[in-house]
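These notes are about the structure you will find just below.
Protein chains in written order, with the working numbering: chain V, 27 to 192; chain R, 3 to 107.
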């Protein structure tokens with residue numbers, strides 16, 4: 027949780043969403059924690075698991091439907107109504123635009139980001155309930171994923187950590 | 003502007019101890035800051051990162067990200083964290099006499 031100076035020393039981040047805007051906050055927070063010398067682990071659950079699924083984590087997209095804050099062509103543009111967001115190619119287009127912006131800020135693509143966090147000493151785990159539900163095996167995950175965990179084991183590993191749900 | 007006496011000279015620093023005038027930096031100042039940051043011996047590998055940061059900052063006017071240190075500086079992420087445990091970019095920037103990195107990446 028925190029040491030005597032009230033500094034955060036350990037975080038456990040739960041990544042539960044599989045959209046681009048669902049996954050990146052978890053990765054940025056984990057990486058940012060390591061950069062500050064804070065212990066960090068990420069627990070991927072439900073659709074968040076796609077962030078660490080080989081061959082799938084290269085195809086993560088922004089949700090352009092059901093997102094009332096979504097605007098085009100940029101953050102201060104027009105609201106994108108849900109029926110337009112549902113048009114074929116809209117999600118791919120929005121994702122392409124966002125990826126370009128992120129590249130300029132040196133925010134890596136998801137597979138590279140996962141590798142960076144791993145090399146920085148961040149630990150990554152997959153949720154057992156989801157793995158069973160989606161009929162996945164450990165071979166489906168990228169190598170950086172250490173283990174499939176039950177929620178109980180996740181809490182055990184998170185002893186003394188701040189738990190962040192994204 | 004606060005000042006700090008270190009390695010026999012007086013340098014200008016901000017409230018977090020980062021040098022505010024890079025021209026006041028010397029290797030001896032860097033070594034002394036390193037000791038304060040818990041790195042008692044600056045090896046060749048430690049200096050490699052410091053020199054890359056200094057060069058990159060001089061060329062671009064912004065502090066490089068960890069990803070840039072990896073791709074352009076050629077220093078693997080693992081090595082970076084092994085050399086400067088507990089906040090590699092923050093510590094090495096301070097030792098290099100540069101501003102605190104302002105990026106989230």
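Glycine included, every Cβ here is placed at the ideal spot set by N, Cα and C.
Please read these numbers as outputs of a predicted model, since none were measured by experiment.
For residue 157(V) and residue 64(V), I'd like the C-alpha separation in whole angstroms. 28 angstroms
What are the boundary residues of the beta strand (DSSP E) that includes residue 150(V)? 149-153
Straight-line CA distance for residue 30(R) to residue 79(V)? 48 angstroms
Verify the CB distance criterion: does residue 132(V) have a CB-CB separation below 8 angstroms to chain R? yes
Considering only residues of the same chain and omitting the five flanking positions on each side of residue 248(V), which have a CB-CB separation below 6 angstroms? Because chain V is modelled from 27 through 192, residue 248(V) falls outside the range shown and cannot be assessed.
In whole angstroms, give me the CA-to-CA distance for residue 184(V) and residue 37(V). 8 angstroms
Please determine whether the Cβ atom of residue 93(V) lies at a distance below 7 angstroms from any heavy atom of the ligand FMN. Absent from the structure shown: the ligand FMN. Ligands present: none.
In or out: residue 44(V) buried (at least 16 other Cβ within 10 Å) or exposed? buried
Measure the alpha-carbon distance for residue 75(V) versus residue 41(V) and round it to whole angstroms. 8 angstroms
The segment 130-141 of chain V / the segment 164-176 of chain V touching (three or more Cβ pairs under 8 angstroms): yes
Can you tell me which of 61(V), 148(V), 68(V) and 51(V) puts its alpha carbon nearest to the alpha carbon of residue 92(R)? 61(V)
Exposed or buried, what is residue 67(V) when buried is set at 16 or more other beta-carbons lying within 10 Å of its beta-carbon? buried
Within the same chain, show all residues whose beta-carbon is closer than 8 angstroms to that of residue 6(V), passing over the 5 residues directly before and after it, in chain order. Absent from the structure is residue 6(V), since the part of chain V shown begins at 27 and ends at 192.
Closer than 7 angstroms at the beta carbon, the chain V residues around residue 79(R): 142, 145 and 146
Within-8 angstroms CB hit, residue 54(V) to chain R: yes
Note down the Cα distance separating residue 131(V) from residue 69(R), rounded to an integer number of angstroms. 10 angstroms
8 angstroms contact criterion, which residue 84(V) and residue 116(V) should meet: CB distance rounded: Between residue 116(V) and residue 84(V) the Cβ distance is about 19 angstroms, and since that is not below 8 angstroms, they are no contact.
Does residue 68(R) have its Cβ less than 8 angstroms from a Cβ in chain V? yes
Can you have a look at residue 55(R) and say buried or exposed, based on whether 16 or more other CB atoms are within 10 angstroms of its CB? buried
Under 8 angstroms by beta carbon: chain V residues contacting residue 97(R): Ordered by position in chain V, no residue passes the 8 angstroms Cβ test against residue 97(R), which lies about 15 angstroms from the chain.
If contact means a Cβ-Cβ distance below 8 angstroms, which residues of the segment 47-75 of chain V contact chain R? 54, 57, 58, 60, 61, 62 and 63
I'd like to know whether the C-beta atoms of residue 147(V) and residue 83(R) end up nearer to each other than 8 angstroms. yes
Same chain, Cβ closer than 8 angstroms to residue 27(V), neighbours up to 5 away in sequence not counted: Unreliable positioning characterises residue 27(V) in this predicted model, as indicated by a pLDDT of 49, which lies under 50. The coordinate reading is nonetheless provided below. Hits under 8 angstroms: 34, 35, 36, 186, 187 and 188.
How many Å lie between residue 149(V) and residue 174(V) at the Cα? 12 angstroms
Same chain, Cβ closer than 8 angstroms to residue 9(R), five either side skipped, listed in chain order: 28, 30, 31, 33 and 34
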